[in-house]
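Visitor: Numbers 0 to 182, taken from numbering that gives the first Met the number 0, label the letters of the sequence shown in order. Positions of the beta carbon are idealized from the N, C-alpha and C atoms, including for glycine. I have a structure here, written as structure tokens, and I will follow up with some questions on it.
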Amino acid sequence: MTDHAHHGTDPARHPELLAWLAERQAAFPRWAEDAGGVERFDFSPASLDVLDDLLRQTFGTDAEIAAQRREPFVQGAVWYLGEVVCRERGTVWKYEPDTADDQEPAPLFDPADRPGVLDTPCVSLPSEGPERGLYPLNVLRRMLMEKDALGNPIDERLVDALDDDYLDDGFDDDFDEDDEDDA
């Protein structure tokens, strides 16, 4: 991961992140209406069950979510989940571009889909870096997975992301470069 101190960009103030957050916030009323009605998405923990059910009706696999990760519906779901976590857990949005040693940093939601490059925003406590963050896109994908990388069954709901120990469960370990190639 790129060292933000080296590049002088605070992960919570990265220009691409701020632009994405403003775009998502402005698009929220239409996204929520298209997703079943603004009244269903009140940023409460219970509203995550509504989003969870909607995602399960829309997508059959985590690969389908990954394939549509730049589409407005998935972008809205990523933002909405992250916003609920921020409001409930006191976290903040962060983005720190990842890069291979010989490449420029990947842009937010990189259209090139470079394997092994992290290009999505996360939410984490203000005192922690993105490496300890919860990546909403990965949470959306994980809820549709049946087994983790070790073959253990997964049975999660989006609301589980609000649990105190969720970040300690190693959920990001389930997404390696092979998964990115399959997405």
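Across which residues does DSSP place LEU133 in a beta bridge pair?
Guide: Partner(s): VAL122.
Visitor: Given ASP49, which residues of its chain have a CB within under 8 Å of its CB, disregarding the five upstream and five downstream residues?
Guide: According to the sequence shown, residue 49 is Val rather than Asp. Excluding residues within five positions, the ones whose Cβ falls inside 8 Å are GLY35, ARG39, PHE40.
Visitor: Across which residues does DSSP place VAL91 in a beta bridge pair?
Guide: DSSP lists SER123 as partners of VAL91.
Visitor: Tell me the residue span of the alpha helix (DSSP H) that contains THR57.
Guide: Here the alpha helix (DSSP H) through THR57 covers 44–57.
Visitor: Does the beta-carbon of ARG55 have 16 or more other beta-carbons within 10 angstroms, so that it is buried, or is it exposed?
Guide: Counting Cβ neighbours within 10 Å, ARG55 comes out exposed, since fewer than 16 surround it.
Visitor: Please report the straight-line C-alpha distance between TYR79 and GLU130, rounded to a whole angstrom.
Guide: Each residue's Cα considered, the two are about 21 Å apart.
Visitor: So, do the segment 136–143 and the segment 64–84 have three or more beta carbon pairs nearer to each other than 8 Å?
Guide: With the cut-off at 8 Å, the segment 136–143 and the segment 64–84 touch.
Visitor: CA-CA distance, TYR107 and ALA26?
Guide: Checking the sequence shown, residue 107 turns out to be Leu, not Tyr. Each residue's Cα considered, the two are about 17 Å apart.
Visitor: With a 10 Å radius around its C-beta and 16 neighbouring C-beta atoms as the bar for buried, classify PRO125 as buried or exposed.
Guide: Burial call: exposed.
Visitor: Quick check on DSSP: helix, strand or coil for PRO10?
Guide: The answer is coil: DSSP assigns PRO10 none of H, G, I, E or B.
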